[in-house]
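Here is the structure we will look at, set down as C-alpha coordinates.
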Amino acid sequence: MRLLDRYLLRELMVPLLYCLGGFLIFFVSADLMNELPMLQGRGLNGWDIAEYYVFKSPELLPTVLPMGLLLALLYALAQHGKHHELVAIRAAGVSLWRLAAPYLAVGAVASVALFIASEIIGPHAQAATEDVLNRYRNKLEQQTELQWKRDVNFNNDVAGHEWKIGAFGLLTHEMLRVNVTWTGRDNVRRILFANRAGHTNGVWHFTDAELWAYVPPNLDFPLRTRTNLVVFPELDELPRLIKSEIKINTFTLDKMAKKLRFSLAEILDYQRLHPRLTGSKADELNTQFHGRLAAPFTCFVVVLLALPFGAAPGRRNVAIGVAASIGIGFAFFVLSRLSLVLGTGGHVPGWVAGWAPNVIFAAVGIELTRRLR
597 MRLLDRYLLR
607 ELMVPLLYCL
617 GGFLIFFVSA
627 DLMNELPMLQ
637 GRGLNGWDIA
647 EYYVFKSPEL
657 LPTVLPMGLL
667 LALLYALAQH
677 GKHHELVAIR
687 AAGVSLWRLA
697 APYLAVGAVA
707 SVALFIASEI
717 IGPHAQAATE
727 DVLNRYRNKL
737 EQQTELQWKR
747 DVNFNNDVAG
757 HEWKIGAFGL
767 LTHEMLRVNV
777 TWTGRDNVRR
787 ILFANRAGHT
797 NGVWHFTDAE
807 LWAYVPPNLD
817 FPLRTRTNLV
827 VFPELDELPR
837 LIKSEIKINT
847 FTLDKMAKKL
857 RFSLAEILDY
867 QRLHPRLTGS
877 KADELNTQFH
887 GRLAAPFTCF
897 VVVLLALPFG
907 AAPGRRNVAI
917 GVAASIGIGF
927 AFFVLSRLSL
937 VLGTGGHVPG
947 WVAGWAPNVI
957 FAAVGIELTR
967 RLR
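Counting with this note's numbering, you get residues 597 to 969 for the letters of the sequence shown.
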(Lines of atoms letter the chains of each structure in order from A and count residues from 1; the text may use other names and numbers.)
(Lines give C-alpha, C1' and ligand atoms only; values in the text may rest on other atoms or scores of the structure.)
Protein backbone atom coordinates (compact mmCIF):
# COMPACT_ATOMS: atom_id res chain seq x y z
CA MET A 1 0.00 0.00 0.00
CA ARG A 2 1.36 3.37 -1.01
CA LEU A 3 1.92 6.16 1.48
CA LEU A 4 -0.84 8.15 -0.23
CA ASP A 5 -3.36 5.34 0.29
CA ARG A 6 -2.52 5.08 3.97
CA TYR A 7 -2.89 8.83 4.38
CA LEU A 8 -6.29 8.94 2.66
CA LEU A 9 -7.56 6.00 4.70
CA ARG A 10 -6.35 7.52 7.95
CA GLU A 11 -8.09 10.79 7.16
CA LEU A 12 -11.31 8.89 6.35
CA MET A 13 -11.46 6.57 9.36
CA VAL A 14 -11.99 9.22 12.04
CA PRO A 15 -14.99 10.93 10.39
CA LEU A 16 -16.34 7.51 9.41
CA LEU A 17 -16.42 6.36 13.03
CA TYR A 18 -18.07 9.59 14.11
CA CYS A 19 -20.66 9.43 11.33
CA LEU A 20 -21.51 5.78 11.96
CA GLY A 21 -21.85 6.43 15.68
CA GLY A 22 -23.95 9.54 15.09
CA PHE A 23 -26.34 7.90 12.65
CA LEU A 24 -26.66 4.82 14.85
CA ILE A 25 -27.53 6.97 17.87
CA PHE A 26 -30.00 8.97 15.76
CA PHE A 27 -31.87 5.93 14.43
CA VAL A 28 -31.85 4.14 17.78
CA SER A 29 -33.21 7.27 19.47
CA ALA A 30 -35.92 7.68 16.83
CA ASP A 31 -36.91 4.03 17.13
CA LEU A 32 -36.84 4.21 20.93
CA MET A 33 -39.23 7.16 20.97
CA ASN A 34 -41.65 5.13 18.89
CA GLU A 35 -41.22 1.80 20.68
CA LEU A 36 -40.80 2.94 24.30
CA PRO A 37 -44.47 2.40 25.31
CA MET A 38 -44.34 -1.13 23.91
CA LEU A 39 -41.02 -1.89 25.63
CA GLN A 40 -42.32 -0.61 28.96
CA GLY A 41 -45.48 -2.62 28.49
CA ARG A 42 -43.33 -5.75 28.21
CA GLY A 43 -41.76 -4.92 31.58
CA LEU A 44 -38.25 -4.22 30.24
CA ASN A 45 -35.85 -2.15 32.33
CA GLY A 46 -33.00 0.05 31.11
CA TRP A 47 -30.48 -2.77 30.76
CA ASP A 48 -33.01 -4.90 28.88
CA ILE A 49 -33.72 -2.05 26.46
CA ALA A 50 -30.00 -1.52 25.88
CA GLU A 51 -29.58 -5.24 25.19
CA TYR A 52 -32.58 -5.14 22.87
CA TYR A 53 -30.98 -2.42 20.72
CA VAL A 54 -27.62 -4.17 20.68
CA PHE A 55 -29.32 -7.15 19.04
CA LYS A 56 -31.40 -4.89 16.81
CA SER A 57 -28.38 -2.99 15.44
CA PRO A 58 -27.83 -5.40 12.48
CA GLU A 59 -31.33 -4.46 11.32
CA LEU A 60 -30.31 -0.78 11.28
CA LEU A 61 -26.99 -1.27 9.49
CA PRO A 62 -28.42 -1.32 5.92
CA THR A 63 -29.43 2.31 6.52
CA VAL A 64 -26.70 3.48 8.90
CA LEU A 65 -23.64 2.12 7.08
CA PRO A 66 -24.24 3.63 3.60
CA MET A 67 -25.34 7.00 5.01
CA GLY A 68 -22.40 7.15 7.43
CA LEU A 69 -19.94 6.21 4.70
CA LEU A 70 -21.39 8.81 2.32
CA LEU A 71 -21.20 11.65 4.83
CA ALA A 72 -17.71 10.67 5.99
CA LEU A 73 -16.42 10.57 2.41
CA LEU A 74 -17.91 13.96 1.59
CA TYR A 75 -16.37 15.42 4.74
CA ALA A 76 -12.94 13.88 4.13
CA LEU A 77 -12.87 15.00 0.50
CA ALA A 78 -14.03 18.49 1.48
CA GLN A 79 -11.18 18.73 3.99
CA HIS A 80 -8.65 17.62 1.38
CA GLY A 81 -10.07 20.14 -1.07
CA LYS A 82 -9.99 22.89 1.53
CA HIS A 83 -6.23 22.49 1.87
CA HIS A 84 -5.74 22.04 -1.91
CA GLU A 85 -4.46 18.51 -1.35
CA LEU A 86 -6.57 17.01 -4.14
CA VAL A 87 -5.18 19.54 -6.62
CA ALA A 88 -1.62 18.73 -5.54
CA ILE A 89 -2.20 14.99 -5.80
CA ARG A 90 -3.67 15.25 -9.29
CA ALA A 91 -0.91 17.66 -10.35
CA ALA A 92 1.58 14.94 -9.41
CA GLY A 93 0.07 12.73 -12.11
CA VAL A 94 -2.33 10.70 -9.97
CA SER A 95 -5.64 10.16 -11.74
CA LEU A 96 -8.91 10.67 -9.94
CA TRP A 97 -9.75 6.96 -10.17
CA ARG A 98 -6.36 6.00 -8.71
CA LEU A 99 -6.93 8.51 -5.93
CA ALA A 100 -10.31 6.89 -5.27
CA ALA A 101 -8.85 3.35 -5.01
CA PRO A 102 -8.66 3.26 -1.17
CA TYR A 103 -12.19 4.66 -0.94
CA LEU A 104 -13.49 2.02 -3.34
CA ALA A 105 -11.72 -0.62 -1.25
CA VAL A 106 -13.49 0.69 1.86
CA GLY A 107 -16.80 0.53 -0.02
CA ALA A 108 -16.14 -3.07 -1.04
CA VAL A 109 -15.23 -4.09 2.53
CA ALA A 110 -18.33 -2.31 3.86
CA SER A 111 -20.48 -4.17 1.30
CA VAL A 112 -19.11 -7.53 2.44
CA ALA A 113 -19.60 -6.58 6.10
CA LEU A 114 -23.18 -5.50 5.42
CA PHE A 115 -23.90 -8.77 3.61
CA ILE A 116 -22.57 -10.78 6.56
CA ALA A 117 -24.56 -8.67 9.02
CA SER A 118 -27.77 -9.11 7.02
CA GLU A 119 -27.53 -12.77 6.06
CA ILE A 120 -25.54 -14.46 8.83
CA ILE A 121 -25.75 -12.32 11.94
CA GLY A 122 -29.17 -10.81 11.24
CA PRO A 123 -31.39 -13.91 11.66
CA HIS A 124 -29.74 -14.83 14.97
CA ALA A 125 -29.93 -11.24 16.19
CA GLN A 126 -33.62 -11.09 15.29
CA ALA A 127 -34.30 -14.19 17.36
CA ALA A 128 -32.35 -12.66 20.25
CA THR A 129 -34.45 -9.47 20.12
CA GLU A 130 -37.61 -11.58 20.38
CA ASP A 131 -36.15 -13.36 23.42
CA VAL A 132 -35.46 -10.02 25.11
CA LEU A 133 -38.92 -8.68 24.26
CA ASN A 134 -40.62 -11.68 25.81
CA ARG A 135 -38.30 -12.13 28.77
CA TYR A 136 -40.93 -11.22 31.37
CA ARG A 137 -44.04 -12.52 29.68
CA ASN A 138 -46.18 -15.13 31.33
CA LYS A 139 -45.02 -18.63 30.39
CA LEU A 140 -48.52 -19.64 29.36
CA GLU A 141 -48.70 -16.59 27.07
CA GLN A 142 -45.38 -17.51 25.49
CA GLN A 143 -46.48 -21.09 24.90
CA THR A 144 -49.77 -20.11 23.30
CA GLU A 145 -48.73 -17.03 21.31
CA LEU A 146 -44.99 -17.29 20.66
CA GLN A 147 -43.90 -20.90 20.70
CA TRP A 148 -46.75 -22.39 18.67
CA LYS A 149 -48.11 -21.55 15.23
CA ARG A 150 -51.56 -23.00 14.65
CA ASP A 151 -53.22 -24.34 11.49
CA VAL A 152 -50.13 -24.61 9.31
CA ASN A 153 -50.43 -25.81 5.71
CA PHE A 154 -47.06 -26.76 4.23
CA ASN A 155 -46.55 -28.15 0.72
CA ASN A 156 -43.41 -29.52 -0.88
CA ASP A 157 -44.29 -29.23 -4.57
CA VAL A 158 -41.12 -31.03 -5.68
CA ALA A 159 -41.69 -34.18 -3.62
CA GLY A 160 -45.48 -33.94 -3.64
CA HIS A 161 -45.77 -33.90 0.17
CA GLU A 162 -48.76 -32.09 1.68
CA TRP A 163 -48.61 -31.33 5.40
CA LYS A 164 -51.54 -30.13 7.47
CA ILE A 165 -50.37 -29.30 10.98
CA GLY A 166 -52.70 -28.41 13.83
CA ALA A 167 -49.89 -26.71 15.76
CA PHE A 168 -46.17 -26.31 15.01
CA GLY A 169 -43.63 -25.56 17.75
CA LEU A 170 -41.44 -22.71 16.53
CA LEU A 171 -38.81 -23.42 19.18
CA THR A 172 -39.12 -27.17 19.77
CA HIS A 173 -40.14 -28.12 16.19
CA GLU A 174 -42.81 -30.42 17.57
CA MET A 175 -46.07 -30.98 15.73
CA LEU A 176 -49.55 -31.65 17.04
CA ARG A 177 -52.42 -33.20 15.04
CA VAL A 178 -50.40 -33.91 11.91
CA ASN A 179 -51.83 -35.00 8.57
CA VAL A 180 -49.39 -35.83 5.74
CA THR A 181 -50.39 -36.92 2.23
CA TRP A 182 -47.91 -38.21 -0.39
CA THR A 183 -47.43 -40.76 -3.17
CA GLY A 184 -44.35 -42.96 -2.97
CA ARG A 185 -42.19 -44.43 -5.71
CA ASP A 186 -44.33 -47.56 -5.55
CA ASN A 187 -47.29 -45.47 -6.78
CA VAL A 188 -49.09 -45.98 -3.47
CA ARG A 189 -50.88 -42.94 -2.12
CA ARG A 190 -50.53 -42.65 1.64
CA ILE A 191 -52.23 -40.49 4.24
CA LEU A 192 -50.68 -40.36 7.69
CA PHE A 193 -52.55 -39.14 10.76
CA ALA A 194 -50.59 -38.60 13.98
CA ASN A 195 -51.32 -36.91 17.27
CA ARG A 196 -47.72 -35.76 17.64
CA ALA A 197 -44.46 -35.63 15.67
CA GLY A 198 -40.90 -34.65 16.52
CA HIS A 199 -37.72 -34.18 14.48
CA THR A 200 -34.87 -36.27 15.89
CA ASN A 201 -31.61 -37.40 14.26
CA GLY A 202 -32.65 -35.90 10.94
CA VAL A 203 -36.00 -37.69 10.58
CA TRP A 204 -39.57 -37.17 11.72
CA HIS A 205 -40.93 -39.52 14.38
CA PHE A 206 -44.73 -39.81 14.43
CA THR A 207 -46.42 -41.06 17.59
CA ASP A 208 -49.94 -42.41 18.03
CA ALA A 209 -50.22 -42.65 14.25
CA GLU A 210 -52.58 -44.21 11.73
CA LEU A 211 -51.59 -44.82 8.10
CA TRP A 212 -53.99 -45.15 5.19
CA ALA A 213 -52.44 -46.76 2.11
CA TYR A 214 -54.33 -46.70 -1.20
CA VAL A 215 -52.79 -49.66 -3.05
CA PRO A 216 -53.76 -50.03 -6.73
CA PRO A 217 -56.16 -51.20 -7.99
CA ASN A 218 -58.26 -50.98 -4.78
CA LEU A 219 -58.16 -47.19 -4.52
CA ASP A 220 -61.53 -46.90 -2.79
CA PHE A 221 -60.63 -49.06 0.21
CA PRO A 222 -57.37 -48.08 1.92
CA LEU A 223 -55.32 -50.42 4.04
CA ARG A 224 -55.29 -49.01 7.56
CA THR A 225 -52.43 -49.52 10.00
CA ARG A 226 -52.22 -48.09 13.50
CA THR A 227 -48.99 -47.85 15.51
CA ASN A 228 -47.53 -46.07 18.53
CA LEU A 229 -44.40 -44.91 16.68
CA VAL A 230 -43.49 -44.78 13.01
CA VAL A 231 -40.74 -43.18 10.91
CA PHE A 232 -40.83 -42.34 7.19
CA PRO A 233 -37.38 -41.29 5.89
CA GLU A 234 -38.93 -40.07 2.63
CA LEU A 235 -40.61 -37.27 4.58
CA ASP A 236 -37.33 -35.35 4.67
CA GLU A 237 -38.60 -31.77 5.07
CA LEU A 238 -36.47 -29.92 7.62
CA PRO A 239 -38.00 -27.77 10.38
CA ARG A 240 -36.30 -24.63 9.00
CA LEU A 241 -38.16 -25.13 5.70
CA ILE A 242 -41.47 -25.18 7.53
CA LYS A 243 -40.49 -22.07 9.49
CA SER A 244 -39.52 -20.26 6.28
CA GLU A 245 -42.88 -21.14 4.75
CA ILE A 246 -44.70 -19.88 7.84
CA LYS A 247 -42.77 -16.61 7.86
CA ILE A 248 -43.20 -15.86 4.16
CA ASN A 249 -46.91 -16.68 4.14
CA THR A 250 -47.45 -14.44 7.17
CA PHE A 251 -46.63 -11.22 5.31
CA THR A 252 -49.16 -9.52 3.07
CA LEU A 253 -48.47 -7.69 -0.18
CA ASP A 254 -48.59 -4.30 1.55
CA LYS A 255 -45.98 -5.30 4.12
CA MET A 256 -43.63 -6.73 1.50
CA ALA A 257 -43.84 -3.52 -0.52
CA LYS A 258 -42.59 -1.42 2.41
CA LYS A 259 -39.24 -3.06 3.15
CA LEU A 260 -37.06 -6.13 2.67
CA ARG A 261 -38.45 -8.79 4.99
CA PHE A 262 -36.62 -12.06 4.31
CA SER A 263 -33.08 -13.36 4.12
CA LEU A 264 -31.73 -14.91 0.94
CA ALA A 265 -31.71 -18.35 2.59
CA GLU A 266 -35.40 -18.13 3.46
CA ILE A 267 -36.34 -17.08 -0.06
CA LEU A 268 -34.21 -19.80 -1.68
CA ASP A 269 -35.71 -22.45 0.61
CA TYR A 270 -39.21 -21.36 -0.35
CA GLN A 271 -38.40 -21.29 -4.07
CA ARG A 272 -36.85 -24.77 -3.90
CA LEU A 273 -40.08 -26.09 -2.39
CA HIS A 274 -42.19 -24.27 -5.00
CA PRO A 275 -40.17 -24.27 -8.26
CA ARG A 276 -43.23 -23.54 -10.43
CA LEU A 277 -44.27 -20.50 -8.44
CA THR A 278 -46.15 -17.91 -10.52
CA GLY A 279 -48.35 -14.86 -10.04
CA SER A 280 -48.11 -12.28 -7.30
CA LYS A 281 -46.17 -14.51 -4.90
CA ALA A 282 -43.43 -15.03 -7.50
CA ASP A 283 -43.23 -11.27 -8.13
CA GLU A 284 -43.00 -10.56 -4.41
CA LEU A 285 -40.25 -13.08 -3.73
CA ASN A 286 -38.19 -12.21 -6.83
CA THR A 287 -38.26 -8.56 -5.81
CA GLN A 288 -37.34 -9.39 -2.23
CA PHE A 289 -34.52 -11.68 -3.41
CA HIS A 290 -32.87 -9.18 -5.76
CA GLY A 291 -33.47 -6.32 -3.34
CA ARG A 292 -31.72 -8.25 -0.58
CA LEU A 293 -28.89 -9.25 -2.91
CA ALA A 294 -28.36 -5.69 -4.12
CA ALA A 295 -28.65 -3.96 -0.73
CA PRO A 296 -25.03 -4.50 0.46
CA PHE A 297 -23.64 -2.99 -2.77
CA THR A 298 -25.15 0.34 -1.76
CA CYS A 299 -21.95 0.95 0.22
CA PHE A 300 -19.90 0.68 -2.97
CA VAL A 301 -22.36 2.89 -4.87
CA VAL A 302 -22.14 5.72 -2.33
CA VAL A 303 -18.37 5.88 -2.91
CA LEU A 304 -19.00 6.43 -6.62
CA LEU A 305 -21.52 9.12 -5.73
CA ALA A 306 -19.36 10.88 -3.15
CA LEU A 307 -16.36 11.15 -5.45
CA PRO A 308 -17.69 13.76 -7.94
CA PHE A 309 -19.48 15.76 -5.23
CA GLY A 310 -16.53 15.81 -2.84
CA ALA A 311 -13.66 16.06 -5.31
CA ALA A 312 -15.08 18.87 -7.45
CA PRO A 313 -12.63 21.79 -7.85
CA GLY A 314 -12.91 24.66 -5.40
CA ARG A 315 -13.17 25.01 -1.67
CA ARG A 316 -16.30 23.57 -0.12
CA ASN A 317 -18.03 24.27 3.15
CA VAL A 318 -18.66 21.23 5.36
CA ALA A 319 -22.34 22.18 5.48
CA ILE A 320 -22.51 21.64 1.73
CA GLY A 321 -21.29 18.09 2.23
CA VAL A 322 -23.94 17.46 4.87
CA ALA A 323 -26.67 18.89 2.64
CA ALA A 324 -25.44 16.85 -0.32
CA SER A 325 -25.43 13.63 1.70
CA ILE A 326 -28.96 14.28 2.94
CA GLY A 327 -30.19 15.05 -0.57
CA ILE A 328 -28.51 12.01 -2.12
CA GLY A 329 -29.71 9.75 0.69
CA PHE A 330 -33.29 10.97 0.36
CA ALA A 331 -33.29 10.52 -3.43
CA PHE A 332 -31.88 7.01 -3.10
CA PHE A 333 -34.46 6.14 -0.42
CA VAL A 334 -37.35 7.34 -2.60
CA LEU A 335 -36.11 5.45 -5.66
CA SER A 336 -35.51 2.28 -3.63
CA ARG A 337 -39.01 2.33 -2.15
CA LEU A 338 -40.56 3.10 -5.53
CA SER A 339 -38.69 0.20 -7.12
CA LEU A 340 -39.77 -2.12 -4.30
CA VAL A 341 -43.42 -1.16 -4.77
CA LEU A 342 -43.26 -1.58 -8.56
CA GLY A 343 -41.52 -4.94 -8.33
CA THR A 344 -43.80 -6.30 -5.61
CA GLY A 345 -46.84 -5.29 -7.62
CA GLY A 346 -45.51 -7.05 -10.72
CA HIS A 347 -45.15 -3.85 -12.77
CA VAL A 348 -41.44 -4.42 -13.39
CA PRO A 349 -39.31 -7.61 -13.15
CA GLY A 350 -37.89 -8.37 -9.72
CA TRP A 351 -34.27 -8.02 -10.86
CA VAL A 352 -35.01 -4.56 -12.25
CA ALA A 353 -36.69 -3.48 -9.03
CA GLY A 354 -33.83 -4.79 -6.91
CA TRP A 355 -30.88 -3.48 -8.90
CA ALA A 356 -32.24 -0.33 -10.57
CA PRO A 357 -31.41 2.12 -7.72
CA ASN A 358 -27.81 0.92 -7.46
CA VAL A 359 -27.27 0.87 -11.22
CA ILE A 360 -28.80 4.32 -11.77
CA PHE A 361 -26.89 6.03 -8.96
CA ALA A 362 -23.64 4.23 -9.84
CA ALA A 363 -23.98 5.34 -13.47
CA VAL A 364 -24.63 8.92 -12.38
CA GLY A 365 -21.57 8.87 -10.11
CA ILE A 366 -19.30 7.42 -12.81
CA GLU A 367 -20.50 9.92 -15.42
CA LEU A 368 -20.07 12.91 -13.10
CA THR A 369 -16.60 11.70 -12.13
CA ARG A 370 -15.66 11.30 -15.79
CA ARG A 371 -16.61 14.93 -16.43
CA LEU A 372 -14.37 16.27 -13.68
CA ARG A 373 -11.23 18.02 -14.84
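Beta carbons: idealized from backbone N, C-alpha and C, even for Gly.
If you draw a straight line from the Cα of R933 to the Cα of K854, it comes to about 7 Å. In this structure L729 is not in contact with G664, their Cβ atoms being roughly 27 Å apart against a cut-off of 8 Å. Per DSSP, reduced to three states, the secondary structure at K745 is strand. With distances taken between CA atoms, L710 lies nearest to C895 out of L901, L807, C895 and L670.
In this structure D879 touches G946 by the C-beta definition: roughly 6 Å separates them, less than 8 Å.
The way I'd put it, the stretch 827-835 does touch the stretch 797-804; three or more beta-carbon pairs between them come closer than 8 Å.
Each of S840, F926 and P662 was checked against the Cα of A706, and the nearest Cα belongs to P662.
According to the DSSP assignment, F802 belongs to the beta strand (DSSP E) that extends over V799 to Y810.
The closest CA to that of V624, considering only I761, V944, F858 and Y648, is found on Y648. Nearest neighbour of G703 by Cα position, chosen from Q675, A668 and I717, turns out to be A668. Contact between the stretch 895-905 and the stretch 871-885 is absent: fewer than three C-beta pairs spanning the two stretches fall below 8 Å. Counting only runs that start and end inside the stretch 830-896, the alpha helix (DSSP H) elements of at least 4 residues fall at 835-846, 849-852, 860-869 and 875-890.
Nearest to V960 by C-alpha distance, out of D804, D747 and A927, is A927.
In this structure L819 touches A809 by the C-beta definition: roughly 5 Å separates them, less than 8 Å.
No residue range can be given for R598, since it is assigned to no beta strand (DSSP E) and is classified by DSSP as neither H nor E.
Closest option to F619, judged by alpha-carbon separation, among N954, L767, P633 and T659: T659. Spatial neighbours of A891 in its own chain (CB-CB distance under 6 Å, excluding positions within 5 residues in sequence) are listed in chain order as P658. A755 carries a coil assignment under DSSP once its states are collapsed to helix, strand and coil. Contact between the stretch 717-726 and the stretch 628-635 is absent: fewer than 3 CB-CB pairs across the two stretches fall below 8 Å.
At the C-beta level, W778 and G794 stay beyond 8 Å of one another. The straight-line gap separating the alpha-carbon atoms of I716 and L856 is approximately 15 Å. Burial state of R598 is exposed, judged by a 10 Å Cβ sphere holding fewer than 16 other Cβ atoms.
Residue range R785 to T796 is occupied by the beta strand (DSSP E) that includes G794.
Partner residues in the beta bridge of R820, as assigned by DSSP, are W808. Counting along the chain, V948 sits inside the alpha helix (DSSP H) bounded by residues G946 to R967. A713 is positioned such that its CB atom lies closer than 8 Å to that of P654. Straight through space, the alpha carbons of P698 and G780 are spaced by roughly 58 Å.
A direct Cα-Cα distance of roughly 33 Å separates F651 from N752.
Taking a C-beta distance under 8 Å as the contact criterion, L807 and L788 qualify as a contact pair.
Here A688 carries a coil assignment [DSSP, helix/strand/coil]. In this structure, E607 sits away from A674, with a CB-CB distance that is not shorter than 8 Å. When beta bridges are read from the DSSP output, N775 appears opposite K760 and F789. The C-beta distance from I685 to L670 rounds to 17 Å, too long to fall under 8 Å, and the pair is not in contact. Under the three-state reduction of DSSP output, G765 falls in the strand class. By the CB criterion at 8 Å, L692 and T965 fall inside the cutoff. In this structure, the straight-line span from the alpha carbon of G941 to that of S876 is close to 7 Å.
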